[in-house]
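Dropping the structure here:
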């Protein structure tokens with residue numbers, strides 16, 4: 007199995023880019039190699055000159071999505087010394103990643119989570135699990151320092167991921183809420199909770215959000 | 007468009023059941039009408055005697071999933087007078103719904119959210135949006151009563167949904183965490199937040215969770 011992309015091959019990159027756009031729009035099963043070839047202005051035989059098979063193409067796209075994620079989220083927060091600030095920044099960068107229209111590879115990772123098989127699936131799953139472990143470990147560090155209270159770290163990690171990754175399903179670039187407002191609101195909610203009496207902001211940022219009528223909402227589903 | 011199922015037709019029900027199982031396993035695009043017919047022990051022509059077309063079948067399954075959701079979540083919490091208790095109970099029942107293996111129709115609603123088109127998609131989207139509005143309105147009511155603080159209700163509603171619905175991606179029936187432990191932890195986190203100094207439980211239930219090593223985790227992705 008060829009792992010990842012070949013960054014020097016422009017033609018290969020262009021194929022990944024086109025295939026990712028189609029698969030993001032139509033789903034993996036809903037996109038044929040014939041359609042990918044046509045969109046790349048190649049014959050099907052010409053496409054197979056660059057690509058082993060359809061599953062290898064999906065794997066390469068997902069691997070590139072994980073590279074994007076690591077560049078745009080993990081690499082920017084990994085060295086923040088304070089674990090609470092690391093978690094906050096991680097939430098913000100991850101929301102930015104899923105709200106940017108350029109992240110079709112990330113949407114494919116989220117949507118086609120059960121499509122890959124065998125070794126390719128295990129490899130992507132390992133990269134995803136490393137992120138879960140990073141959130142769990144950062145949270146556990148904050149608990150050890152007495153900054154956060156001891157909730158189960160797995161529940162914390164997947165609550166974090168659920169809030170943040172679900173955003174790709176409802177965010178509209180032209181909707182009422184900007185990506186920054188969503189990030190501010192979710193960081194506030196995740197760290198301070200909804201409960202009025204106990205709500206103590208751990209952030210130096212002012213809380214953004216006012217109570218707006220639910221009818222003013224713009225979201226997808 | 008025929009809306010919903012025909013509850014009196016046992017043959018039709020059995021077809022929906024079989025099709026839902028296949029689509030849940032393989033995805034909508036990955037499941038052919040030929041395969042559905044074979045699994046129902048029908049010819050393809052025989053299948054079309056009961057079903058207009060594949061999209062109508064998906065629509066009927068999703069509609070049935072929304073019925074299940076309304077019976078098992080909304081109907082059980084709608085009449086709870088206190089809005090905070092209504093939200094808590096709603097979170098618990100919704101987690102129970104997505105952790106029960108019987109809810110393949112609900113998984114299909116979550117996974118195939120962009121597959122339906124036209125009138126059928128609008129109809130399912132309206133049913134989904136009614137749930138978002140219910141959470142927003144319940145939260146707004148609690149804010150008016152001074153029980154919860156004013157975070158943006160859309161962010162609250164989709165954070166709730168993200169945490170709860172994402173569970174279907176990582177929950178393992180034989181994993182370390184039971185559905186009840188996940189529900190207890192998420193309710194605690196959602197209402198009281200992570201922050202140590204401000205954490206005041208608004209619940210009469212004792213907090214369940216201790217800090218366990220992240221390595222003891224069992225989840226799917």
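Chains as they are written, first to last, in the numbering used here: chain E, 7 to 227; chain S, 7 to 227. From the three backbone atoms N, C-alpha and C, an ideal C-beta is built for every residue, glycine too.
1. With a 10 Å radius around its C-beta and 16 neighbouring C-beta atoms as the bar for buried, classify residue 21(S) as buried or exposed.
2. Roughly how many whole angstroms lie between the Cα atoms of residue 134(E) and residue 49(S)?
3. Please list the segments of the alpha helix (DSSP H) lying wholly inside the segment 82-140 of chain S, counting only runs of 4 or more residues, in order along the chain.
4. For a cutoff of 7 Å on Cβ pairs, would you count residue 21(E) as touching chain S?
5. For residue 74(S), does the three-state DSSP call read helix, strand or coil?
6. Between which residues of its own chain and residue 79(E) is the CB-CB distance below 7 Å, once the five residues before and five after are set aside?
7. Along the segment 31-42 of chain E, where does the CB come closer than 7 Å to a CB of chain S? Name the residues.
8. Within its chain, find whatever has a CB closer than 7 Å to the CB of residue 173(S); leave out the 5 residues flanking it on each side and keep chain order.
9. When the Cα atoms are used, what is the spatial distance from residue 112(E) to residue 15(S)?
10. Compute the Euclidean distance between the alpha carbons of residue 129(E) and residue 73(E), then round it to the nearest angstrom.
11. Locate the alpha helix (DSSP H) running through residue 18(E), then write down its first and last residues.
12. Are the segment 113-132 of chain S and the segment 23-41 of chain S touching by the rule of at least three beta carbon pairs closer than 8 Å?
13. What are the boundary residues of the alpha helix (DSSP H) that residue 166(S) is part of?
14. So is residue 199(E) in contact with chain S if we call contact Cβ pairs under 7 Å?
15. With distance defined between alpha-carbon atoms, name the residue in 58(E), 127(E), 146(E) and 92(E) nearest to residue 83(E).
16. Using a Cβ-Cβ distance cut-off of 7 Å, determine whether residue 161(S) contacts chain E.
17. Whose Cβ in chain S lies nearer than 7 Å to the Cβ of residue 165(E)?
18. Any idea which residues DSSP pairs residue 51(E) with across the strands?
19. For residue 196(E), collect the residues of the same chain with a Cβ closer than 8 Å to its Cβ; drop the 5 residues on either side in sequence, then sort them by chain order.
20. DSSP three-state call for residue 80(E): helix, strand or coil?
21. Any heavy atom of the ligand NAD closer than 6 Å to the CB of residue 16(E)?
22. Quick one: residues in its chain with C-beta nearer than 7 Å to the C-beta of residue 41(S), no 5 flanking neighbours on either side, listed in chain order?
23. What is the rounded straight-line gap between the Cα of residue 75(S) and the Cα of residue 131(S)?
24. Name the one or two DSSP bridge partners that residue 154(S) has.
25. So is residue 154(E) in contact with chain S if we call contact Cβ pairs under 7 Å?
26. I need the straight-line Cα distance from residue 122(S) to residue 140(S), nearest angstrom please.
27. Span of the alpha helix (DSSP H) holding residue 41(S)?
28. Can you tell me whether residue 144(E) is buried or exposed? The criterion is at least 16 other CB atoms within 10 Å of its CB, across all chains shown.
29. Could you please tell me which residues of the segment 64-84 of chain E, in chain order, have their CB closer than 7 Å to any CB of chain S?
30. Check whether the Cβ of residue 114(S) lies closer than 7 Å to any Cβ atom in chain E.
31. Does DSSP put residue 144(S) in a helix, in a strand, or in coil?
32. Checking contacts by CB at 7 Å: is residue 5(S) closer than that to chain E?
33. For residue 90(S) versus residue 163(S), is the C-beta spacing smaller than 7 Å?
34. Applying the criterion that 16 or more other CB atoms from any shown protein chain within 10 Å of the CB defines a buried residue, is residue 117(S) buried or exposed?
Well, looking at it:
1. Here the question's residue 21(S) lines up with position 15 in the second chain. When all chains shown are included, residue 21(S) counts as buried.
2. What you label residue 134(E) is simply residue 128 of the first chain in a count that begins at 1. What you label residue 49(S) is simply residue 43 of the second chain in a count that begins at 1. If you take the alpha carbons of residue 134(E) and residue 49(S), they lie about 42 Å apart.
3. 89-105 and 110-117
4. For the purposes of this step, residue 21(E) is identified with residue 15 of the first chain, where counting begins at 1. Chain S, which has no Cβ nearer than 7 Å to the Cβ of residue 21(E), makes this no.
5. Here the question's residue 74(S) lines up with position 68 in the second chain. DSSP places residue 74(S) in helix when its eight states are reduced to three.
6. Locating residue 79(E) in the first chain gives position 73, counting from the first residue. Only 96, 99, 100 and 103 meet the Cβ criterion.
7. 33, 35 and 36
8. The residue labelled residue 173(S) in the question sits at position 167 within the second chain. Cβ neighbours of residue 173(S) beyond the five flanking positions: 101, 104, 105 and 188.
9. Here residue 112(E) refers to the residue found at position 106 of the first chain. Here residue 15(S) refers to the residue found at position 9 of the second chain. Approximately 42 Å between the Cα atoms of the pair.
10. The residue you call residue 129(E) lines up with position 123 of the first chain. The residue you call residue 73(E) lines up with position 67 of the first chain. Their Cα atoms are separated by approximately 13 Å.
11. The sequence position of residue 18(E) within the first chain is 12, counting from 1. Unbroken alpha helix (DSSP H) run through residue 18(E): 16-32.
12. yes
13. Here residue 166(S) refers to the residue found at position 160 of the second chain. Residues 159-176.
14. Along the first chain, read from residue 1 onward, the residue named residue 199(E) stands at position 193. It does; some Cβ of chain S falls within 7 Å.
15. For this step, residue 83(E) is matched to residue 77 along the first chain. Selected option, being the one with the closest Cα: 92(E).
16. By one-based count along the second chain, residue 161(S) stands at place 155. Yes, residue 161(S) counts as interfacial toward chain E.
17. On the first chain, residue 165(E) is found 159 positions in, with the first residue counted as 1. Correct list: 169, 192 and 195.
18. For the purposes of this step, residue 51(E) is identified with residue 45 of the first chain, where counting begins at 1. Answer by DSSP bridge pairing: none, since residue 51(E) is not bridged.
19. Here the question's residue 196(E) lines up with position 190 in the first chain. Once the five neighbours on either side are set aside, the close Cβ partners of residue 196(E) are 97, 165, 166 and 169.
20. The sequence position of residue 80(E) within the first chain is 74, counting from 1. Reduced to three states, the DSSP call for residue 80(E) is helix.
21. Because no ligand of any kind appears in the structure shown, any question about the ligand NAD cannot be addressed here.
22. The residue you call residue 41(S) lines up with position 35 of the second chain. Closer than 7 Å at Cβ, skipping near neighbours: 28.
23. Within the second chain, numbered from 1, the residue matching residue 75(S) stands at position 69. Within the second chain, numbered from 1, the residue matching residue 131(S) stands at position 125. Distance between the alpha carbons of residue 75(S) and residue 131(S): 14 Å.
24. Within the second chain, the letter at position 148 stands for residue 154(S). Per DSSP, 201(E).
25. Reading the first chain from its first residue, position 148 is the one you call residue 154(E). True, the Cβ-Cβ gap to chain S drops below 7 Å.
26. One-based indexing of the second chain puts residue 122(S) at position 116. One-based indexing of the second chain puts residue 140(S) at position 134. Distance between the alpha carbons of residue 122(S) and residue 140(S) is about 24 Å.
27. Looking up residue 41(S) in the second chain gives position 35. Start and end: 39-45.
28. The residue labelled residue 144(E) in the question sits at position 138 within the first chain. Residue 144(E) comes out buried.
29. none
30. Walking along the second chain from the start, residue 114(S) turns up at place 108. For residue 114(S), the answer is no, since every Cβ of chain E falls outside 7 Å of its Cβ.
31. The residue given as residue 144(S) occupies position 138 in the second chain. If DSSP states are grouped into helix, strand and coil, residue 144(S) belongs with the helices.
32. There is simply no residue 5(S) to check, as chain S begins at 7 and stops at 227 in what is shown.
33. In the second chain, the residue the question calls residue 90(S) occupies position 84. In the second chain, the residue the question calls residue 163(S) occupies position 157. Going by C-beta atoms, residue 90(S) is not nearer than 7 Å to residue 163(S).
34. Residue 117(S) sits at position 111 when you count from the first residue of the second chain. Burial call: buried.
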